[in-house]
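Numbered per the working numbering, the sequence shown spans residues -14 to 190.
Note that the Cβ used here is the ideal one computed from N, Cα and C, for glycine as well.
Everything numeric in this text was worked out from a predicted model, so none of it was measured.
Structure first, commentary second.
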Amino acid sequence: KSFKMSFTSDIWGAKATVILDTTPPGEGLKIRPLYGLRYLGIQEQMTQIGTFNASATITDLTSVIDSDNFNNLYGINFGLQAEFVHRWFTVGVRPEITLGANSYQARVTTDRFVSQTAPVRIDEISGMVFAPDGELAVYGRLPLNDSVTLFVSYNLLYATRVIRPHKSINYNVNTLLGTPISSAFSAKKVFESMMVQGLTVGGEI
């Protein structure tokens, strides 16, 4: 009779970086190595709600399939910051690589999947895997005076070995003579890469 699906992604993080400034002051090309620590959290949820009534011959049966995944990525960060500094502007690029791990959790829930009286079924898996990440920032700065600077930055984040809700569902039911009698849905471990990109425009005082 009807089907509805919603998919949400929440991404946040924190990073502490040390930039080794060994270049002489003044204009020109500046290349500075950097290192530090990074944490990245990725939580995603996919919920499917369907109503079945056998072409209006039975009472509406509304079933729910919910998949909720949580990734905690953390590790040691390495990279460099290359800038061309001019008195009127600065342009730069900052590639970084994070060597670390992903502590993940996946949960699959079904509710009333085969009948009105079918109970809620929950299955969870968790673990930890090696998961390197990469980030690239390309930016420009325009100083208005000694205290105020405008900037624009493009950032690309590439995370490897992330568990995601649309891949972590094992669609399965228990049957009797071919007739579904109970949900046997479970969470399965499937990793894939994930890319996040964005543009930032702002100012610094």
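Collapsed DSSP secondary structure at residue i in the structure displayed
i	result
S168	strand
R149	coil
K(-11)	strand
S178	strand
I34	strand
I(-4)	strand
Distance, residue j Cα to residue i Cα
i	j	result
V147	V114	10 Å
V70	E12	5 Å
Q101	D45	9 Å
P165	V99	7 Å
A39	S171	26 Å
I190	R149	39 Å
L135	Y124	11 Å
I4	K173	41 Å
N87	P9	39 Å
Distance CB(residue i)-CB(residue j) smaller than 8 Å
i	j	result
F204	Q90	Residue coverage of the chain in this structure runs from -14 to 190, which leaves residue 204 outside it and unanswerable.
G64	R23	no
S167	N159	yes
I27	T95	no
L58	D118	yes
F74	M31	no
V181	S153	no
R79	A122	yes
T7	L19	no
S48	R97	yes
E120	E68	no
Residue i - containing beta strand (DSSP E), residue span
i	result
L5	Here L5 belongs to no beta strand (DSSP E), and DSSP marks it neither H nor E.
V49	46 to 70
N87	75 to 96
E12	Taken as a continuous stretch (DSSP letters only), E12 belongs to no beta strand (DSSP E), as it is neither H nor E.
Y124	118 to 128
V114	106 to 115
T157	For the sequence presented, residue 157 should be read as Asn rather than Thr. Here N157 belongs to no beta strand (DSSP E), and DSSP marks it neither H nor E.
C-beta neighbour in chain D for residue i, strict 8 Å
i	result
D53	Checking the listed chains, one finds no chain D in this structure; it contains a single protein chain.
Q: Report yes or no: do the region 127 to 147 and the region 104 to 111 share at least 3 C-beta pairs separated by less than 8 Å?
A: no
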